[in-house]
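Undergrad:
Residue numbers (the numbering used here): 30 to 212.
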C-alpha cells in the first residue's frame, strides 16, 4: 500500500470507519510481530504484545497526527510495549539478525560457511545491550531510516547513528577476538 492510499485509509478510520483498521493489521502484522519477537524472543509473548500494540493503536488512532510515518508511530507503540514488558517481568531480551551484509559467492561451501557466520553473529547480537540491538535490528532487518529509528526509540538521530556504529564495532571486535571471522 502506498503512502497516499495509507493516509486516506487512516483518515477514513479516524472519521469512524473502524472496520478498515483490518487493512492496517494485515499490512503490518508480520513486520511488527517479527520486530517484537526479536526483542522479547518468545513467540507467545510477541504475539500478545503485537495484539496489544494493534489494540492500543486502534484505540488511539485519533491521536496520530501524521508527523511521523504511520509505521514509525505503530512501531513506537510496539517498542514501548516490549520495553514495558521487560520492566514488568525483569527479563533479559535477545534478538536475532537474519539478514547480514556479508559478501559470499553462491557455491555450497560458502553457503555453509555463511550460515555458520550468521549463527555466530546472531549469538553476538543476542548479547548486545538493547540500545545497540534494537537500532541494528530496525536498520538492517526492518530497513528503517535513522529518522524513523530515532522516532521509535525517542532518541536523537545522532544517537541512533552512534549506537549502530558502536554495535557493529562490538560485533567486529568479538569476532576478531574469537578469531571466528576476519573482518
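Ideal Cβ placement from N, Cα and C applies to all residues, glycine included. These numbers were taken from a predicted model, which means no experiment stands behind them.
What residues in its chain sit with their C-beta under 7 Å from that of residue 126, if we drop five residues either side in the sequence?
TA: Counting from 1 along the chain shown, the entry for residue 126 is found at position 97. Because residue 126 carries a pLDDT of 33, less than 50, the predicted location of this residue cannot be relied on, and the following value inherits that uncertainty. If we look at residue 126 and ignore the five residues flanking it on each side, its Cβ neighbours are 150, 151, 154, 165, 166, 169, 170.
Undergrad: Can you name the start and end residues of the alpha helix (DSSP H) that residue 164 belongs to?
TA: As a first step, residue 164 must be located in the chain shown, where it is residue number 135. Taken as a continuous stretch (DSSP letters only), the alpha helix (DSSP H) holding residue 164 covers 159-169.
Undergrad: My guess is that residue 43 and residue 91 are in contact by the Cβ rule of under 8 Å, so how many angstroms apart are they, rounded?
TA: Looking up residue 43 in the chain shown gives position 14. Looking up residue 91 in the chain shown gives position 62. So it is a contact: roughly 6 Å between Cβ atoms.
Undergrad: Using beta-carbon positions only, say whether residue 113 and residue 82 come within less than 8 Å of one another.
TA: For the purposes of this step, residue 113 is taken as residue 84 along the chain shown, with counting starting at 1. For the purposes of this step, residue 82 is taken as residue 53 along the chain shown, with counting starting at 1. Not closer than 8 Å, so no.
Undergrad: By DSSP, does residue 201 sit in helix, in strand, or in coil?
TA: Residue mapping note: residue 201 aligns to position 172 of the chain shown, counting from 1. In this structure, residue 201 counts as helix in the three-state DSSP scheme.
Undergrad: Does the stretch 87-105 come close enough to the stretch 186-196 that 3 or more CB-CB pairs lie under 8 Å?
TA: Taking 8 Å as the limit for Cβ pairs, the verdict is that the stretch 87-105 does not touch the stretch 186-196.
Undergrad: List the endpoints of the continuous alpha helix (DSSP H) containing residue 40.
TA: Locating residue 40 in the chain shown gives position 11, where the first residue counts as 1. Segment 32-43, the alpha helix (DSSP H) holding residue 40.
Undergrad: Pull up the distance between the alpha-carbon of residue 36 and that of residue 53, whole angstroms please.
TA: For the purposes of this step, residue 36 is taken as residue 7 along the chain shown, with counting starting at 1. For the purposes of this step, residue 53 is taken as residue 24 along the chain shown, with counting starting at 1. Spanning the two alpha carbons is a distance of roughly 11 Å.
Undergrad: Compare the C-alpha of residue 104 against each of 57, 160, 76 and name the closest.
TA: Numbered from 1 along the chain shown, position 75 holds the residue referred to as residue 104. For the residues 57, 160, 76, the minimum Cα distance to residue 104 belongs to 57.
Undergrad: Please state the DSSP three-state secondary structure of residue 67.
TA: By one-based count along the chain shown, residue 67 stands at place 38. In the structure shown, residue 67 sits in a helix (DSSP, three-state: H, G or I).
Undergrad: Quick check on this structure: which residue in 100, 85, 46, 95 has the alpha carbon closest to the alpha carbon of residue 59?
TA: By 1-based counting over the chain shown, the position of residue 59 is 30. That would be 100, whose Cα lies nearest to the Cα of residue 59.
Undergrad: Could you give the DSSP three-state label for residue 184: helix, strand or coil?
TA: Your numbering for residue 184 matches position 155 in the chain shown. Residue 184 falls in the coil class under three-state DSSP.
Undergrad: Taking a contact to mean a Cβ-Cβ separation below 8 Å, would you say residue 199 touches residue 189 in this structure?
TA: Translated into the one-based positions of the chain shown, residue 199 becomes position 170. Translated into the one-based positions of the chain shown, residue 189 becomes position 160. No, the pair does not count as a contact, with Cβ atoms beyond the cut-off.
Undergrad: So, with DSSP's three-state summary, where would you put residue 97?
TA: Here the question's residue 97 lines up with position 68 in the chain shown. Coil.
Undergrad: Over what stretch of residues does the alpha helix (DSSP H) that includes residue 85 continue unbroken?
TA: As a working mapping, residue 85 is identified with position 56 in the chain shown. Here the alpha helix (DSSP H) through residue 85 covers 72-88.
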